[in-house]
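A.B. asks: The opening residue of the sequence shown carries number 340 in the working numbering; numbering runs sequentially from there.
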Amino acid sequence: MNDPSGLPWTLLGVLVLVALATAVLLLARAPSPWAPAFAVVRGTVQLALISLVLSGVIRDPIWIAAALVVMFGVATTTAARRLGTLRTRFLPVALAMAAGIVGALSVVFLTGAIAFTPRYVLAVGGIVIGNAMTSATLSGRRFVELVDDRWDDVEGWLALGATPRQSTADLVRRAVHAAMVPSTDQTRTTGLVTLPGAFVGAIFGGVSPIEAGRFQIVVLAAIIAAGAIVATTLTHALAPVRTRPPQPA
């Protein structure tokens with residue numbers, strides 16, 4: 340992977356994979372078939388830039404903190420836009436994600452499960468932020484979809500005198516459960532179905548498999564803890580519904 344001569348083959352492989360995904364989506368007439376291709380291009384540019392930046396600041400706590408703030412801002416904005424307008428969704432998404440990320444990372448580093456060093460803060464923080472964004476998107480979108488699908492039931496509860504929060508209580512539980520399925524399945528099948536990136540990356544970095552496994556299980560537990568907090572907090576904030584919400588894009 341460190342051999343510059345392998346770069347053309349890397350580009351070729353990525354182009355073929357992107358072309359394959361786009362062709363399948365076009366044949367299926369799926370909405371936004373070009374979106375994955377644009378996402379790969381954008382991700383490539385962003386990874387190149389962040390690699391250049393981090394190569395010089397990975398040991399500087401101030402720059403590490405700045406990088407995490409940028410990650411959090413982008414993740415929050417992305418998730419909020421998936422749930423509706425940025426103006427109405429940004430604050431609840433930001434508060435939910437902050438609660439989950441800070442809660443999980445505090446346990447990880449205060450217990451000493453992972454050493455509190457700039458490098459580990461950046462690595463674990465970035466992973467947890469990314470997965471918190473996914474939990475926010477999954478739980479929020481699922482809740483909005485359920486409210487729309489079950490709007491007659493919600494209106495019925497409201498007509499019977501239930502509060503807006505009470506009328507969607509069952510939908511909140513369903514949305515939280517749906518958001519937790521991916522991280523739960525990823526954790527329960529680790530080592531049998533997948534080898535997570537943190538585990539593989541640690542081994543490639545020269546860490547022993549046992550130490551890499553220890554690091555990975557802490558990361559997976561942090562992802563689950565953050566996801567549970569994010570999904571529960573966000574759906575709790577969205578729960579009081581008085582009018583039928585517009586469907587997210």
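Every residue gets a Cβ at the ideal spot worked out from N, C-alpha and C, and that includes glycine.
Given the structure is predicted, the values throughout are model-derived calculations rather than measurements.
With DSSP collapsed to three states, give me the class of T529.
C.D. replies: Counting from one through the sequence shown, the residue named residue 529 turns up at place 190. The answer is strand: DSSP assigns T529 an E or B state.
A.B. asks: Using a Cβ-Cβ cutoff of less than 6 Å, which residues in the same chain neighbour A570 once the five nearest sequence positions on both sides are dropped?
C.D. replies: One-based indexing of the sequence shown puts residue 570 at position 231. The answer, listed in chain order, is S474, S478, V515 and A518.
A.B. asks: Return the chain-ordered list of same chain residues with a C-beta closer than 8 Å to the C-beta of I468, the five sequence neighbours on each side being excluded.
C.D. replies: One-based indexing of the sequence shown puts residue 468 at position 129. Cβ within range, chain order: L407, M410, F411, A414, M436 and I440.
A.B. asks: If you reduce the DSSP assignment to three classes, tell me which class L577 lands in.
C.D. replies: The residue you call residue 577 lines up with position 238 of the sequence shown. Looking at L577 - three-state DSSP - the assignment turns out to be helix.
A.B. asks: Residues in its own chain within less than 7 Å of V557 by CB, not counting five upstream and five downstream?
C.D. replies: On the sequence shown, residue 557 is found 218 positions in, with the first residue counted as 1. Cβ neighbours of V557 beyond the five flanking positions: V447, A452 and I453.
A.B. asks: Looking at the secondary structure, which residues open and close the alpha helix (DSSP H) in which P431 lies?
C.D. replies: Looking up residue 431 in the sequence shown gives position 92. Looking at the DSSP string, the run of the alpha helix (DSSP H) that includes P431 is L425 to L449.
A.B. asks: Is V363 helix, strand or coil by DSSP?
C.D. replies: Within the sequence shown, the letter at position 24 stands for residue 363. It is helical.
A.B. asks: Which residues in the same chain as G423 place their Cβ atom closer than 8 Å to its Cβ, once the five residues preceding and following it in sequence are excluded?
C.D. replies: Position 84 of the sequence shown holds residue 423. Around G423: V483, P584, P585 and P587.
A.B. asks: When DSSP labels each residue in this structure, what does P400 get in the three-state scheme?
C.D. replies: In the sequence shown, counting from the first residue as 1, residue 400 sits at position 61. Shown here, P400 sits in a helix according to DSSP, grouped into three states.
A.B. asks: Under a Cβ-count criterion, where at least 16 other Cβ atoms within 10 Å of its own Cβ denotes burial, should S522 be classed as buried or exposed?
C.D. replies: Here residue 522 refers to the residue found at position 183 of the sequence shown. Buried: at least 16 other Cβ atoms inside 10 Å.
A.B. asks: Please classify L350 as buried or exposed, where buried requires at least 16 neighbouring CB atoms within 10 angstroms.
C.D. replies: Counting from one through the sequence shown, the residue named residue 350 turns up at place 11. With fewer than 16 Cβ atoms within 10 Å of its Cβ, L350 is classed as exposed.
A.B. asks: Determine, using beta carbons only, whether A576 and V511 come nearer to each other than 7 Å.
C.D. replies: For the purposes of this step, residue 576 is taken as residue 237 along the sequence shown, with counting starting at 1. For the purposes of this step, residue 511 is taken as residue 172 along the sequence shown, with counting starting at 1. No, the Cβ-Cβ distance between A576 and V511 is not below 7 Å.
A.B. asks: Comparing alpha-carbon positions, which option in F543, V379 and T529 lies nearest L559?
C.D. replies: Walking along the sequence shown from the start, residue 559 turns up at place 220. When only C-alpha atoms are compared, the closest one is T529.
A.B. asks: Do you know whose CA, among A438, A358, R527 and T582, lies nearest R489's CA?
C.D. replies: Walking along the sequence shown from the start, residue 489 turns up at place 150. For R489, the nearest C-alpha among the options comes from T582.
A.B. asks: Tell me whether S478 sits in a helix, a strand or coil according to DSSP, three-state version.
C.D. replies: To locate residue 478, count along the sequence shown from 1; it is residue 139. In the structure shown, S478 sits in a helix (DSSP, three-state: H, G or I).
A.B. asks: Starting from W490 and walking both ways along the alpha helix (DSSP H), at which residues does that stretch end?
C.D. replies: Position 151 of the sequence shown, counted from the first residue, corresponds to residue 490. Its alpha helix (DSSP H) spans residues W490 to A498.
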